[in-house]
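K.L.:
Please read through the structure below; I'll follow up with questions.
There are 2 protein chains.
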Amino acid sequence: MQEPRSEPPLSRERIVATAVELADAQGLDGLTMRRLADRLGSGVMSLYWHVDNKEDVFDLALDSVLEYRGPPQMAESQDWRGQVVHMLEDWRASMLRHPWSASLLPRRALGPNILSRLELLSNILSRAGVADADLNVAIWSLWNYVMGATISRANFDLSDDGRADTQQRLAGLSERYPTIERSRLLLDNDWDGAFRKGLGFLLDGLSPRR
Amino acid sequence: MQEPRSEPPLSRERIVATAVELADAQGLDGLTMRRLADRLGSGVMSLYWHVDNKEDVFDLALDSVLEYRGPPQMAESQDWRGQVVHMLEDWRASMLRHPWSASLLPRRALGPNILSRLELLSNILSRAGVADADLNVAIWSLWNYVMGATISRANFDLSDDGRADTQQRLAGLSERYPTIERSRLLLDNDWDGAFRKGLGFLLDGLSPRR
DNA sequence: GATTGACTCGTACGGCGTACCATGCGACTG
DNA sequence: CAGTCGCATGGTACGCCGTACGAGTCAATC
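As given, the protein sequences belong to chains A and B, one line each in that order.
The numbers in numbering that gives the first Met the number 0 rise by one with no breaks, and the one at position 142 of the first sequence is 141.
The numbers in numbering that gives the first Met the number 0 rise by one with no breaks, and the one at position 175 of the second sequence is 174.
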């Protein structure tokens, strides 16, 4: 007989996976090295054999959330717009599944999964005939749009506790911000639809030989 | 004779201004309540009379960076596109002057300065004839674009120390990410130009009755 | 002179990231 | 078989953090 089912050995992968779980459950502030070690059934300092420091854990957790498996059916379709939309919507969805990831984006290095998504995007646009001079701009514009949309959305998601608060605050300020109030900009928004529609507008602007 | 030039009294405004200075000088991590109090020549706990907690300081510091004084010449020009571009470029510039502000954006409440910028944007677009059904999408798209662009840029700015590092890492990965490498996506970019150009593309897509 | 309210701050507590160092263990060496 | 060496684990301790608590100062008011 062994010990009553001891934990599997530590590993970078297990640490990162558990960190993601923990952040999902307790939020970013709840992710501390001590709690992480607890969840792993190990001592705190053991983590540091596999990981440089806490920043490292953040970097790895962020990147691990951003894997991309490509479009569903056979690749290499002619529909470049569909490919772009699919990848970017998946990007956003992956991050919204782990809302803390949005607040991790600033100041973090580009992990391999981000890079390979950018590589894919470059490829699609390049084959679609976007002029070389516009390519970088196109890539950055799309990236920026997705990041901004995701961060905004995650932001509002998180302040769910404060939604009534927000609503009240806005009601009190409706004279000061009448247009916002009138357009109900911050309330009952169809986020997914708005994301898709805005992405469409952007792609309209970016389309080659328009 | 007085004390050798004692500090002026504490105030919310002075605290916020000093917090901004401190974050500029030492980065976000360098902004601690103790250091802030030191710089103000006061005891740590005195801050808490004027401020709820550290989160409050963050919120106030972020919003204080985002004041907008409007376009240079007389307002109410017919050139709605120019007005939009001016405000958004100023927005981005304001944040880049304080790169830490970008990493504060996620998870923060909308302060009065952000709201009044959104209000202004709504007004301009609405008067420019953007359809009501598209208005929210247009506002969010522009906001998202600006936020994403600012965060990306600030990110790269901050990793200036790691620029050589990044360059090296990319060189080592050029087989894995050939298109990125070829387009020099991450190197010697004209950020300001790319921002302006991408914004132009987006506005092209958003323009009313296209 | 007593009371009050606005304001300041010293002390202390619990929690954090992590440096340092001792330990356990399996594999390889002689 | 004894000795050595690497990988891997984790206990202790340090310095720093945010901030609760409550005592102190001081000017205005009655």
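Even for Gly, the Cβ is constructed at its ideal location relative to N, Cα and C.
Predicted model only: the values in this text are computed from it and were never measured.
1) Where does serine 121(B) fall in DSSP's three states?
2) Could you check the C-alpha separation between alanine 18(B) and aspartate 55(B) for me, to the nearest Å?
3) To the nearest angstrom, report how far apart arginine 175(A) and arginine 116(B) are at their CA atoms.
4) Within the 9 Å Cβ cut-off, does valine 136(B) reach chain A?
5) Mind listing the chain B neighbours of lysine 53(A)? Cutoff is C-beta to C-beta under 9 Å, in chain order.
6) Establish whether the CB of glycine 29(A) and some CB of chain B are separated by less than 9 Å.
7) Please confirm whether glycine 197(B) has its beta-carbon closer than 9 Å to some beta-carbon of chain A.
8) Please state the DSSP three-state secondary structure of leucine 141(A).
9) Return the residues of the segment 76-105 of chain A that lie within a Cβ-Cβ distance of less than 7 Å from chain B, sorted by chain order.
10) Where in the segment 46-76 of chain A do unbroken runs of the beta strand (DSSP E), each at least 3 residues long, occur, reported from the N-terminal end onward?
11) Contact criterion: CB-CB distance below 9 Å. Does leucine 114(B) meet it with respect to chain A?
12) Should the segment 176-193 of chain B be called in touch with the segment 117-134 of chain A, which here means at least 3 C-beta pairs below 8 Å?
13) If you draw a straight line from the C-alpha of arginine 183(B) to the C-alpha of arginine 80(B), how long is it?
14) So, aspartate 23(A) versus histidine 85(A), is the Cβ gap smaller than 9 Å?
15) How should isoleucine 46(B) be labelled, buried or exposed, when 16 other C-beta atoms within 10 angstroms of its C-beta is the threshold for buried?
16) Helix, strand or coil: how does DSSP classify proline 105(A) here?
17) For serine 61(A) and serine 100(A), which I take to be in contact (beta-carbon distance under 8 Å), what is that distance rounded to the nearest angstrom?
18) Quick check: the Cα distance between leucine 9(A) and methionine 94(A), rounded to an integer number of angstroms?
19) CB-CB under 7 Å to proline 3(B), same chain, minus the five flanking residues each way: which ones, in chain order?
20) So is tyrosine 67(B) in contact with chain A if we call contact Cβ pairs under 9 Å?
21) Check this for me: beta carbons of glycine 197(B) and alanine 148(B), under 9 Å apart or not?
22) Determine the chain B residues that contact methionine 146(A) at a beta-carbon separation under 9 Å, and present them in chain order.
23) Whose C-beta lies closer than 8 Å to the C-beta of valine 15(B) among residues of the same chain, with five residues either side of it excluded?
24) Any C-beta of chain B within less than 9 Å: which residues of the segment 37-51 of chain A qualify?
25) Can you pull the chain B residues whose beta carbon is under 7 Å from the beta carbon of serine 182(A), in chain order?
26) In chain order, what residues of the same chain have a beta carbon less than 7 Å from the beta carbon of tryptophan 190(A), not counting five sequence neighbours either side?
27) Give me the chain B residues within the contact set of leucine 21(A), using Cβ-Cβ distance strictly less than 7 Å, ordered along the chain.
28) What separation, rounded to the nearest whole angstrom, lies between the Cα atoms of leucine 202(A) and phenylalanine 194(B)?
29) If I measure Cβ to Cβ from methionine 146(A) and keep anything under 7 Å in the same chain, skipping five residues before and after, which residues do I get?
30) For glutamate 118(B), count the other beta carbons within 10 Å of its own beta carbon; 16 or more makes it buried, fewer makes it exposed. Which is it?
31) Compare the C-beta of asparagine 188(A) with all C-beta atoms of chain B and state if any pair is closer than 9 Å.
32) Relative to the ligand SAH, is the shortest distance from any of its heavy atoms to the C-beta of serine 10(B) smaller than 8 Å?
33) From which residue to which residue does the alpha helix (DSSP H) around histidine 85(B) run?
34) Once DSSP output is grouped into helix, strand and coil, what is the label at asparagine 188(A)?
35) At a Cβ threshold of 9 Å, is arginine 4(B) touching chain A?
P.N.:
Concretely, from the data shown:
1) Taking the first residue of the second sequence as 1, we reach residue 121(B) at position 122. Reduced to three states, the DSSP call for serine 121(B) is helix.
2) Residue numbering aside, residue 18(B) sits at position 19 when the second sequence is read from its first letter. Residue numbering aside, residue 55(B) sits at position 56 when the second sequence is read from its first letter. Straight-line Cα distance between these residues: approximately 11 Å.
3) Taking the first residue of the first sequence as 1, we reach residue 175(A) at position 176. Taking the first residue of the second sequence as 1, we reach residue 116(B) at position 117. Taking the CA atoms as reference points, arginine 175(A) sits about 12 Å from arginine 116(B).
4) Walking along the second sequence from the start, residue 136(B) turns up at place 137. It does: the Cβ of valine 136(B) has a partner Cβ on chain A nearer than 9 Å.
5) Along the first sequence, read from residue 1 onward, the residue named residue 53(A) stands at position 54. Chain B residues near lysine 53(A): none, gap ~12 Å exceeds 9 Å.
6) Taking the first residue of the first sequence as position 1, residue 29(A) is located at position 30. Cβ-Cβ to chain B under 9 Å: no for glycine 29(A).
7) Indexing the second sequence from 1 puts residue 197(B) at position 198. For glycine 197(B), the answer is yes, since a Cβ of chain A falls inside 9 Å of its Cβ.
8) Position 142 of the first sequence, counted from the start, is the residue given in the question as residue 141(A). Correct three-state label for leucine 141(A): helix.
9) Ala101, Ser102, Leu104, Pro105
10) none
11) Numbered from 1 along the second sequence, position 115 holds the residue referred to as residue 114(B). Yes, leucine 114(B) counts as interfacial toward chain A.
12) yes
13) In the second sequence, residue 183(B) corresponds to position 184, counting from 1. In the second sequence, residue 80(B) corresponds to position 81, counting from 1. Whole-angstrom Cα-Cα distance: 30 Å.
14) Walking along the first sequence from the start, residue 23(A) turns up at place 24. Walking along the first sequence from the start, residue 85(A) turns up at place 86. Against a cut-off of 9 Å, the Cβ pair of histidine 85(A) and aspartate 23(A) comes out as no contact.
15) Numbered from its first residue, the second sequence carries residue 46(B) at position 47. Rather than isoleucine, the amino acid found at residue 46(B) in this sequence is leucine. So leucine 46(B) ends up on the buried side.
16) In the first sequence, residue 105(A) corresponds to position 106, counting from 1. DSSP places proline 105(A) in coil when its eight states are reduced to three.
17) As a position in the first sequence, residue 61(A) is number 62, starting the count at 1. As a position in the first sequence, residue 100(A) is number 101, starting the count at 1. Note that residue 61(A) corresponds to leucine in the displayed sequence, not to serine. Correct: roughly 6 Å between the Cβ atoms.
18) Looking up residue 9(A) in the first sequence gives position 10. Looking up residue 94(A) in the first sequence gives position 95. Between leucine 9(A) and methionine 94(A), the C-alpha separation is close to 26 Å.
19) Within the second sequence, residue 3(B) is the residue found at index 4, counting from 1. With a pLDDT of 42 at proline 3(B), under the threshold of 50, the predicted position of this residue should be treated as unreliable, though the coordinate-derived value follows. So no residue of the chain qualifies.
20) Position 68 of the second sequence, counted from the first residue, corresponds to residue 67(B). No, tyrosine 67(B) does not count as interfacial toward chain A.
21) Locating residue 197(B) in the second sequence gives position 198, where the first residue counts as 1. Locating residue 148(B) in the second sequence gives position 149, where the first residue counts as 1. Against a cut-off of 9 Å, the Cβ pair of alanine 148(B) and glycine 197(B) comes out as a contact.
22) Here residue 146(A) refers to the residue found at position 147 when the first sequence is read from its first residue. The answer, in chain order, is Asn143, Met146, Gly147, Ala148, Ile150, Ser151.
23) By one-based count along the second sequence, residue 15(B) stands at place 16. Excluding sequence neighbours, valine 15(B) sits near Val56, Leu59, Ala60, Ser63.
24) When CB distances to chain B are screened at a threshold of 9 Å, not a single residue of the segment 37-51 of chain A falls below it.
25) As a first step, residue 182(A) is located in the first sequence; it is residue number 183 there, counting from the start. Simply Ser121, Leu134, Asn135.
26) Translated into positions along the first sequence, residue 190(A) becomes position 191. Excluding sequence neighbours, tryptophan 190(A) sits near Arg152.
27) Position 22 of the first sequence, counted from the first residue, corresponds to residue 21(A). Correct list: empty, because the minimum Cβ distance to chain B is about 18 Å.
28) The residue labelled residue 202(A) in the question sits at position 203 within the first sequence. The residue labelled residue 194(B) in the question sits at position 195 within the second sequence. The straight-line gap from Cα to Cα measures roughly 16 Å.
29) Position 147 of the first sequence holds residue 146(A). Hits under 7 Å: Leu104.
30) Along the second sequence, read from residue 1 onward, the residue named residue 118(B) stands at position 119. Glutamate 118(B) counts as buried, since at least 16 other C-beta atoms from the protein chains shown sit within 10 angstroms of its C-beta.
31) As a first step, residue 188(A) is located in the first sequence; it is residue number 189 there, counting from the start. Judged by the 9 Å Cβ criterion, asparagine 188(A) is in contact with chain B.
32) Only the bare structure without any ligand can be found here, which leaves the ligand SAH out of the picture.
33) Residue mapping note: residue 85(B) aligns to position 86 of the second sequence, counting from 1. Counting along the chain, the alpha helix (DSSP H) containing histidine 85(B) begins and ends at 79-95.
34) Along the first sequence, read from residue 1 onward, the residue named residue 188(A) stands at position 189. DSSP places asparagine 188(A) in coil when its eight states are reduced to three.
35) Sequence index remark: in the second sequence, residue 4(B) carries index 5 (1-based). In this predicted model, arginine 4(B) has a pLDDT of only 43, less than 50, meaning its place in the structure is not dependable enough to derive any value.
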